[in-house]
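K.L.:
Counted from 1, the sequence shown has number 90 at position 25 by the working numbering; the numbering is strictly sequential. Glycine is no exception: its CB is placed at the ideal position from the N, C-alpha and C atoms. In this text the structure is predicted, and so the values were computed from the model without any measurement. Have a look at the structure that comes next, please.
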Amino acid sequence: MPEAFERLLTEAAPDAGPPWIACFRDELAAELLKNPAFERLLMASNLSDAAESGAAIRTLARSLQSKLHTMDATLVGVDTKVDRIALHQDEQLAHLRQLNALLFQSGSPPSPEMSSRVLTGAMFGASGQAISTALIFVQIFGTYSPVDALGRETRSSLIREAHARLAEAAGEAAYVGRIDGGEFDIIMRDVASSTDATLCCDRIAQAFLSPFDAGGTPILLRPKMGVAISPEHGFAPEALQRNADLALRSALAYGSKDIVVYVPELRTDARDRKQLEIDLRRAIEANELHLVFQPVIELAGRRLVGYEALVRWVHPSRGPISPSTFVPIAEEAGLIVAIGDWALRTACVHATQWPDDVRVAVNISPIQFANPAFPSVVMSALADTGLSADRLELEITEGVFLAEGQTTSETFAALKKVGTRLVLDDFGTGYSSLGYLKQAPLDKIKIDQSFVRRVSVAGGRDAAIIRSIVGLAKALGMETTAEGIETEDELLLVEQLGCTYGQGYFFGRPHQA
């Protein structure tokens, strides 16, 4: 066996036990060395630097993945008769964790089928007895997330780092696999109750509080988790997977919940959400959505300077549906771009009927902003309606910076060239707002209502925070809007603190044009 291959084995799994190395040599060495490209790689490289070593390891791991289902049982305890991977022996689980780490680092994570086999092995012992097992589905970003606009290498890097954090948080007695995209599963054997699983979820949430590196830009990924426990929530592996998925979908549907444990009522919730998705598609086609407008006031002269356009949906049988309910459904179903483009064009139509010094602000979804064609959509709406570009404000959130890169920078540049105004909404609620202020050509910052509503609380720090934000904005040549003003005391305080504009129920509730 070539010396380079021996070094590669040591580099790939330096702490692996004898079965691991034996499996590499017995099952893979011959196959790999038959491959001329791999042989040339080994001959040409002394594995003297990290890049060369990493390339060799990735090549090895990809070949390893293709052989995974035919490997000898000595690696992970595969019981081919029942198509399961046994987790009742610590040594077998340790080997499996090492295998997973290598596959994730290679950029070729294990398949969902591997998770199914592991789950079967965890739920039933060597003699077939049922074992209490926790299944946790974790989603760090969804199918229509702005992360999709990141480059392939950056997405792969995020997935590798996410797996590493999940594996550390879950502990040595758990298996961490990948379902699809930014969705993972965690399998925990011998759990005493759902508390064991929720404690694991708490550790995961803590592990994700620190930012990820997305091509040089720090971003936060907020995991959503669904939990199911056998045999209480399903005796068969398929039932447990189905119910963990229902719990995850519930967590995704309700922004305030990051962890949901399965209960039978979730089946009804899932049916309701699916029906709402169907109804929302119909509502879009039937033009049943409408806009309402909330006034924006210049504080110095108490003068109306604009309106914020907000999407509303009145269901024909259920009545008004809250945006907090239908917007997540629209995002998950891939409908948010259609809704956003309609709202943009409709808002421009209404604004042409107002005085020339009154602007309209439109909320832009991160998914909508990540579309390279978005500047063209804006230009088309302005051209078709005749609205002046400087009367259109596009409100974005920090979510647009998840896809920070050439496309995002080009979108900012194109929108500024058109002449639209850019506004950062919900300022102060994310991780790296200061970094975003430096990166983006913003005209205005909207101070989140959570600060405004506590500004009059004696002994609180919110007034100092607002004062600091206003000072920073002025230094950068930006204006500020205080959101959520509901009382005269709040109005007077944010005015004293230097805010340019105000918005909230004190000035008026959203109303139709």
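Per the DSSP calculation, W378 is bridged to which residue(s)?
P.N.:
According to DSSP, which records beta bridges pairwise, W378 is partnered with L354 and I386.
K.L.:
Within 10 Å of its beta-carbon, does Q433 have 16 or more other beta-carbons around it, so buried, or fewer, so exposed?
P.N.:
Burial call: buried.
K.L.:
Apart from the five residues on each side of it in sequence, which residues of its chain come closer than 8 Å, Cβ to Cβ, to A374?
P.N.:
Closer than 8 Å at the Cβ level, and outside the excluded window around A374, lie L356, V357, F358, A408, T411, A412, H415, V425, A426, V427 and N428.
K.L.:
How many Å lie between V392 and I401 at the Cα?
P.N.:
Cα-Cα distance, rounded: 7 Å.
K.L.:
Based on Cα-Cα distance, which residue from L507, A479 and A454 lies nearest to T462?
P.N.:
The shortest Cα separation from T462 among L507, A479 and A454 belongs to L507.
K.L.:
If the criterion is Cβ atoms closer than 9 Å, does the pair S259 and V292 meet it?
P.N.:
Yes, the pair counts as a contact, with Cβ atoms nearer than the cut-off.
K.L.:
Inspect the beta-carbon positions of M290 and A304 and report whether they are closer than 9 Å.
P.N.:
In this structure, A304 does not lie closer than 9 Å to M290 by Cβ.
K.L.:
Tell me where the alpha helix (DSSP H) around D449 begins and ends.
P.N.:
Looking at the DSSP string, the run of the alpha helix (DSSP H) that includes D449 is F439 to T450.
K.L.:
Does any CB atom of chain C fall closer than 9 Å to the CB of D261?
P.N.:
As a matter of chain content, chain C is missing from the structure shown, which is built from one protein chain.
K.L.:
Quick one: grab the DSSP three-state call for R225.
P.N.:
Three-state DSSP puts R225 in a helix.
K.L.:
Roughly how many angstroms lie between the CA atoms of T333 and I386, to the nearest whole one?
P.N.:
C-alpha separation (whole angstroms): 18 Å.
K.L.:
Closer than 6 Å by C-beta to L480: which residues in its own chain qualify, once you throw out the five before and the five after it? Chain order, please.
P.N.:
Excluding residues within five positions, the ones whose Cβ falls inside 6 Å are P440.
K.L.:
In whole angstroms, what is the alpha-carbon distance linking D261 and L231?
P.N.:
Going by the C-alpha atoms only, they are around 15 Å apart.
K.L.:
What do you reckon, are the CB atoms on T485 and A438 nearer than 9 Å?
P.N.:
Not closer than 9 Å, so no.
K.L.:
Who does Q359 pair with in a DSSP beta bridge?
P.N.:
According to DSSP, Q359 bridges with E373.
K.L.:
So if DSSP puts A293 in a beta bridge, which residue, or which two residues, is it bridged to?
P.N.:
In the DSSP output, where bridge partners are listed per residue, A293 has L200.
K.L.:
Taking 8 Å as the line, does the beta carbon of E373 fall inside it for any heavy atom of the ligand COA?
P.N.:
Summarising the ligand content, the structure contains no ligands, and the ligand COA is consequently not present.
K.L.:
If you check the beta carbons only, do I362 and P288 fall under 9 Å apart?
P.N.:
No, the Cβ-Cβ distance between I362 and P288 is not below 9 Å.
K.L.:
Residue range of the alpha helix (DSSP H) that R532 falls in?
P.N.:
Run containing R532: D527 to A540, per the alpha helix (DSSP H) assignment.
K.L.:
Nearest to Q418 by CA position, among P175, N436, T450 and L341, is which residue?
P.N.:
Residue T450 is the option with its Cα nearest to Q418.
K.L.:
Within the same chain, show all residues whose beta-carbon is closer than 8 Å to that of L317, passing over the 5 residues directly before and after it, in chain order.
P.N.:
Cβ within range, chain order: Q204, G207, K289, P393 and E397.
K.L.:
With respect to the alpha helix (DSSP H) encompassing E458, which residues constitute its N-terminal and C-terminal limits?
P.N.:
Run containing E458: none in the alpha helix (DSSP H); it sits in the beta strand (DSSP E), L457 to I461.
K.L.:
What three-state label does DSSP hand T552 in the structure shown?
P.N.:
Residue state, collapsed to three classes: coil.
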